[in-house]
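Protein chains in written order, with the working numbering: chain Z, 20 to 513; chain X, 119 to 920.
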């Protein structure tokens with residue numbers, strides 16, 4: 020029987036390594052990229068179905084049984100995130116082909132791209148906290164390279180800040196791991212969960228460590244008040260890289276919080292999960308305030324990345340079935356729609372020739388397809404039914420009202436409204452309105468850019484209308500989160 | 119199962135997909151002709167349900183959409199749903215017909231127009247024919263969106279976009295509130311099906327969430343139906359092409375809120391809050407709308423406020439109708455009449471307001487203006503349009519023999535009856551209802567007269583008009599003529615509606631009053647004798663005429679209202695102030711300076727964690743399991759600390775480097791004292807290599823910048839760095855002192871030797887137990903080196919970015 024878990028990491032790793040040797044062969048690199056990503060997609064689809072039929076999948080590396088060796092664990096939460104990752108990278112790759120430029124392609128762009136994907140996938144699949152740190156390093160290093168790739172002035176300026184803050188958070192990660200090891204004596208996540216669940220007396224030091232991990236992962240996941248590095252650094256690199264970051268990177272932080280706060284740190288939810296809920300609410304509000312504040316379309320979008328982080332983590336903080344399901348639906352939706360929106364905004368800036376709303380207008384006249392795709396994406400983002408954001412939002416509200424977090428639900432709706440306002444402004448002022456450019460003055464074309472965007476939008480629509488199809492998988496994922504024993508037993512006992 | 123009924127609801131969406139193709143390949147035929155078939159066929163289809171529903175039967179078909187989450191697309195046809203479905207498709211047919219003449223196929227993007235219009239039609243059918251609340255919500259939002267798109271149809275105009283944004287924001291606020299309300303209902307009842315909820319309604323009327331739920335849902339209904347103070351979006355929505363105004367913003371979409379109130383009456387109407395809210399907001403809106411309609415100078419503006427007012431009137435009747443629930447059965451239950459009146463007026467309003475909008479569209483089309491200050495004297499030039507205007511306006515004003523008179527009389531009856539109700543303070547405040555109703559009717563009379571006589575009476579001012587006016591083509595007149603004939607027909611023969619549509623709809627709104635097989639008695643006729651209502655109408659005509667004739671003398675009362683206190687002003691300032699406030703808030707902390715960001719992050723990190731540590735009593739100090747500290751270690755620790763402090767004061771690179779080396783080497787020596795020679799060696803190598811590399815690099819670098827040299831001691835920075843160090847240390851001590859479990863480390867010495875076959879445990883861990891980590895650490899190094907290479911080799915120009 021094939022172990023799809025390990026192949027999920029090997030495929031992008033090998034693709035990246037192979038392409039290290041052929042930097043000048045651009046067409047060949049593109050071909051390899053596409054083939055590798057399609058194989059990866061097939062592999063992850065098989066993985067998800069395998070998890071659904073046979074239960075949690077694992078891989079004991081070096082044959083060392085947990086908790087002593089490193090273990091990769093594919094439960095459904097990991098499986099769905101891995102699958103979504105494999106899905107969104109294809110359109111981003113295609114978009115890169117016609118937008119990233121040959122110079123960058125010749126300088127290991129695709130290799131680093133796949134290394135980043137490897138790191139992200141590894142972080143989703145690992146069952147060992149220290150190993151997670153290693154995968155964090157893999158995708159962080161790759162992101163450092165991608166953010167500065169091309170060395171334009173803005174990239175150099177912003178990458179410095181990005182690197183500095185992320186190195187700080189990496190240091191904290193190691194410190195946190197050390198603390199946890201001192202107290203619990205293990206780093207295997209299932210083992211940690213098992214040991215903490217067996218505690219009969221309160222252990223306040225664990226609360227402190229749990230919250231420290233919230234800060235560590237929150238720095239990656241961009242929660243309030245730790246997201247300051249995000250807006251500028253996501254807008255500095257070219258569109259395709261921004262899309263990759265917007266779709267994947269914050270999600271790793273979210274996943275890590277999701278995982279640790281459902282399987283490991285469940286000893287004092289009244290404290291830890293309340294803090295999580297409050298920070299999630301503040302994240303939504305401050306994120307959306309930033310989105311409303313800006314007139315630069317790229318900035319409007321990146322602040323919306325932050326808002327979504329708040330939505331998902333709010334679902335996690337409720338620790339209810341509906342909340343977890345909502346968080347899963349929403350995070351999948353957000354990966355797709357954020358990728359789409361980054362690409363759309365990139366295309367808008369390309370054809371509009373400016374990032375500033377005030378200088379745009381009437382773009383829909385010459386680029387109707389782009390305009391309507393954008394509008395659909397905005398409605399999906401806001402959770403207007405029947406697009407993909409809707410089901411997630413409904414479940415998140417349900418989760419919130421079940422536990423009585425009415426005020427966070429209220430803030431979430433306010434944030435959703437302002438998200439709509441911030442994005443629909445782009446449509447009304449940028450795409451609608453009087454055209455500022457004649458058709459001859461158009462800056463560039465959308466050739467090659469519309470296809471990948473349409474793929475993502477189609478995916479979003481399908482996810483909304485076909486939510487029922489996804490439901491059994493989401494339910495499987497939620498079961499494990501609600502009953503951590505399932506995860507623990509699968510890793511340690513079988 | 120997906121049935122014909124589902125198909126009927128969804129059909130407009132499918133046709134909408136085909137429209138752009140038809141538009142492209144049949145450029146000679148007005149696209150409207152293709153579209154026209156959709157509402158006509160649907161209208162005929164829904165007509166066939168009348169015999170069923172008038173017998174009290176209902177029809178429902180379930181299509182599983184997301185059954186796991188309780189979301190079924192349940193198409194449900196009963197009296198209420200059918201009434202609306204007929205309205206939507208009936209008026210829809212006429213509006214499409216009208217639009218064919220109104221929108222020129224040469225100048226307008228007809229494909230967009232009809233796509234949006236069909237989207238709206240399908241969505242609206244979905245709203246009124248869905249039993250599942252979430253599916254209803256889905257369609258509800260789609261109506262908001264299609265309305266947004268239709269208002270902004272002429273997207274180059276600033277006002278269109280302003281109106282579109284306003285309507286979207288206000289209706290979406292309501293939509294979101296409604297969604298939360300629906301989910302709360304689900305939480306109370308465990309179902310999204312309205313009919314199932316109605317059956318178990320007694321179980322949750324006492325629930326703590328009952329009132330908040332009701333408020334959320336009513337917010338949705340009120341925003342959609344443009345109730346005071348949310349009505350402000352409707353006048354601005356008049357930027358849409360006139361067929362759209364006639365269809366969405368008077369006949370159908372704005373009645374979605376009324377539909378919702380009617381539909382959920384069986385659940386909420388028993389409570390006093392519902393009664394007061396629905397009737398109260400309704401009657402307030404009735405007054406405010408009619409009062410403001412009089413000050414308008416744009417014909418569409420008058421109609422917009424008139425619509426607001428009439429929607430309020432219908433809603434107030436629905437609210438008052440809830441009183442009927444406080445009686446057993448239908449015998450001698452006078453309040454039932456209010457519900458009948460609401461439904462009857464709903465239909466009447468669609469007919470006369472629809473025709474009036476079309477009339478205004480014609481005037482606009484033929485003269486180029488809608489400003490009543492420039493219009494006048496069109497009576498002889500446009501006789502047919504004039505006739506339409508007279509009949510429509512007189513019906514609206516409540517004059518016999520038109521249908522508006524009948525429903526206005528019924529309205530007065532309902533309002534007069536309210537005052538005699540004995541609960542919910544109705545006996546004290548209830549008297550306000552007939553008074554306000556009467557005053558509002560006076561204003562209604564005035565603006566109705568303005569519509570007719572300011573446009574068609576008086577003198578013709580040809581110089582003020584953009585075109586030379588003449589009567590509209592027959593095709594354009596056809597739809598309003600049909601509607602206006604209905605005004606007359608319903609006026610003379612109201613009972614053709616009574617048992618076909620009105621009574622079955624009442625049965626849906628007040629199901630609890632009917633015993634098996636019973637029917638409501640609906641009998642509408644002109645002459646009730648010399649009643650209070652008749653005198654009220656006569657008063658309206660008398661006072662209304664006087665006020666209309668003296669309009670100029672008292673119009674100045676409108677300027678008494680300061681502009682900056684209006685709700686429009688509130689909306690505008692909320693938007694602009696909100697934006698500038700957000701920019702201020704965000705600008706305050708997003709300075710772009712990494713130093714600031716680090717300050718925030720580190721301050722949060724240390725203060726928050728210290729607070730948690732001490733407030734949860736997690737701090738612990740336990741040295742039992744620690745070895746004694748030797749003198750060497752003390753010494754090393756002091757050297758390490760001193761070097762760390764000293765590095766702050768280093769003024770040139772070489773000194774910095776040497777001090778850095780001191781701290782590195784002392785760490786290595788720590789490893790030596792802790793008997794980890796291989797780690798010590800590794801650390802020594804790293805230190806040595808990095809010192810050498812730094813030295814090589816420094817050779818190529820300039821001196822340290824002056825401002826760095828002059829950097830002085832800063833208290834703030836010192837406190838932050840101290841706090842961070844303190845936090846990490848204190849938590850470290852606490853963690854180390856609270857060992858809750860045995861470490862798994864004991865496994866490794868033996869397993870390294872026995873199973874892995876290695877003598878050096880650290881090496882075995884690195885390459886075997888945790889070889890996977892090592893593999894990816896190697897990848898990290900690879901990436902880093904590629905990164906450095908790329909930074910050096912690739913320098914792109916910012917201008918070429920995309």
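Virtual Cβ for every residue (Gly too), placed ideally from N, Cα, C.
Look at residue 242/Z here: in three-state DSSP terms it is coil, with no helix or strand label. Note on geometry: alpha-carbon atoms of residue 488/X and residue 414/X lie some 11 Å from one another. Under DSSP, residue 91/Z shares a beta bridge with 78/Z, 145/Z.
Runs of the alpha helix (DSSP H) lying entirely within the segment 358-393 of chain X and spanning at least 4 residues, in chain order: 360-364, 374-386. Per DSSP, residue 768/X lies in no beta strand (DSSP E) segment and is marked neither H nor E.
The continuous alpha helix (DSSP H) containing residue 483/X extends over residues 454-485.
Look at residue 184/X here: in three-state DSSP terms it is strand. Identification of residues in the segment 113-129 of chain Z having a C-beta nearer than 8 Å to some C-beta of chain X yields 118, 120, 122, 123, 126, 127, given in sequence order. By the neighbour-count criterion, in which 16 or more other beta carbons inside 10 Å mark a residue as buried, residue 426/Z falls on the exposed side.
Here DSSP, grouped into helix, strand and coil, assigns residue 195/X to strand. With respect to the C-alpha of residue 305/Z, the residue from 608/X, 788/X, 706/X, 321/X having the closest C-alpha is 706/X. With respect to chain X, the C-beta atom of residue 41/Z has no partner C-beta closer than 9 Å. In the structure shown, residue 414/X falls within a coil segment according to DSSP collapsed to helix, strand and coil. Under DSSP, residue 178/X takes part in a beta bridge, and its partners are 194/X. Shown in chain order are the members of the segment 364-384 of chain Z whose Cβ falls below 8 Å from a Cβ of chain X: 365, 368, 369, 381, 383. Excluding sequence positions up to five before and after residue 758/X, its CB lies within less than 6 Å of the CB of 781, 784, all in the same chain and listed in chain order.
At least one CB of chain Z lies nearer than 9 Å to the CB of residue 857/X.
Close to residue 248/Z, with beta-carbon spacing below 9 Å, are these residues of chain X in chain order: 712, 715, 719. By alpha-carbon distance to residue 92/Z, the top candidate from 111/Z, 105/Z, 66/Z is 66/Z.
Chain-order list of chain Z residues neighbouring residue 886/X: 81, 83, 88, by C-beta distance under 9 Å. At least 9 Å separates the beta-carbon of residue 504/X from that of residue 666/X. DSSP places residue 761/X within a helical segment (H, G or I) once states are collapsed to three. Nearest to residue 592/X by C-alpha distance, out of 584/X, 201/X, 480/X, is 480/X. Runs of alpha helix (DSSP H) with 4 or more residues, each lying fully within the segment 792-832 of chain X, are found at 795-817, 824-827, listed in chain order. In the three-state reduction of the DSSP assignment, residue 490/X falls in the coil class, being assigned neither a helical nor a strand state. At a cut-off of 9 Å, the C-beta of residue 237/X has no neighbouring C-beta in chain Z. Rounded to the nearest angstrom, the Cβ distance from residue 262/X to residue 240/X is 14 Å, too far for a contact under 8 Å. Judged by their CB atoms, residue 467/X and residue 311/X are not nearer to each other than the 9 Å cut-off. Remark: C-beta atoms of residue 514/X and residue 615/X do not approach each other more closely than 9 Å. Sixteen is the threshold: when 16 or more other Cβ atoms of the shown chains lie within 10 Å of the Cβ of residue 143/Z, as they do, the residue is buried. Residues of chain X with a Cβ closer than 8 Å to the Cβ of residue 110/Z do not exist; the shortest Cβ-Cβ separation is about 16 Å. The beta carbon of residue 363/Z lies closer than 8 Å to those of 389, 392, 393, 396, 472 in the same chain, with the five residues before and after it left out.
Chain Z has a Cβ within less than 9 Å of the Cβ of residue 304/X. By the neighbour-count criterion, in which 16 or more other beta carbons inside 10 Å mark a residue as buried, residue 856/X falls on the buried side.
Check the Cα spacing between residue 755/X and each of 230/X, 728/X, 736/X, 786/X: the tightest is with 786/X. Taking the Cα positions, residue 500/X is about 21 Å away from residue 213/X.
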